[in-house]
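Below is one structure, written out as structure tokens; comments come after it.
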Amino acid sequence: MPSFLITLALLFVHGNAGLANGVWTGVTGGAEGAVPLPDHTVGVLLAEKITYFTPFVMRPLLAALSQLDTAQLEVASSLGVRPARIVRRVILPEALPALAAGGSLVLVLCLDESGIVLFTCAKDVTTLPMWVYSKAILESDYPAACVVAVVDIALSTGLYGLHRVVSRRAGA
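In this note's numbering, the protein residues as written are 568 to 739.
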């Protein structure tokens, strides 16, 4: 699903004139809704990181956890090991490569995401793609836009290569 559709869905539900706030103001008679979707960094984080990119981390993590040997967990618990220590000493070492693979993929995707920032109308949030857009289209400063675009491509390519190496080692 394209990222701007996730953002539009969030705006339709949590925006100032969205469904959740419409129900809230209808029930309470208040002038403002209880759950506004902010048009700054918090709104971008909610739409981008939490809603849109969570599956990119969860898929490798769930795959790694499905391959976890439950006998290790049963032995540890039968020996009286506390649950927090089981998580720290058994589960986390198995899940860490998958978390690193998913996290690196999300980082690569975040470097190239501009639709969510545009649709949340976050004027005070500047990402690399938005900076390239503003330099090239709004200011007509093409040399600066080209430099930032090349840096963005180099970062994305390098991080994608790192993602491939980590995911190959994680077996994802």
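Ideal placement from N, C-alpha and C gives every residue a C-beta, glycine not left out.
Residue i versus residue j - alpha carbon distance
| i | j | result |
| --- | --- | --- |
| Gly593 | Val624 | 38 Å |
| Asp719 | Tyr619 | 21 Å |
| Thr693 | Ala576 | 22 Å |
| Leu726 | Val673 | 10 Å |
| Pro650 | Arg736 | 27 Å |
| Lys702 | Ser723 | 20 Å |
| Ala631 | Leu663 | 9 Å |
| Gln639 | Val715 | 49 Å |
| Ala665 | Glu641 | 22 Å |
| Ser734 | Pro627 | 9 Å |
| Gly669 | Glu661 | 14 Å |
| Arg731 | Ala667 | 11 Å |
| Ser645 | Leu629 | 25 Å |
| Leu729 | Ala643 | 34 Å |
Residue i in three-state terms, based on DSSP
| i | result |
| --- | --- |
| Ser701 | helix |
| Gly725 | helix |
| Phe623 | helix |
| Asp719 | helix |
| Gly669 | helix |
| Gly596 | coil |
| Ser734 | helix |
| Glu706 | coil |
| Gly618 | Inspection of the sequence shows that residue 618 is occupied by Thr rather than by Gly. Three-state DSSP puts Thr618 in a helix. |
Buried versus exposed, by CB contacts within 10 Å (16 or more), residue i
| i | result |
| --- | --- |
| Val699 | buried |
| Ser671 | buried |
| Pro710 | exposed |
| Val675 | buried |
| Pro696 | buried |
Residue i beta carbon near the ligand SAH (any heavy atom closer than 7 Å)
| i | result |
| --- | --- |
| Gly593 | Because no ligand of any kind appears in the structure shown, any question about the ligand SAH cannot be addressed here. |
Which parts of the stretch 626-653 are runs of the beta strand (DSSP E), unbroken and 3 residues or longer, counting only runs that do not cross its ends?
-> none
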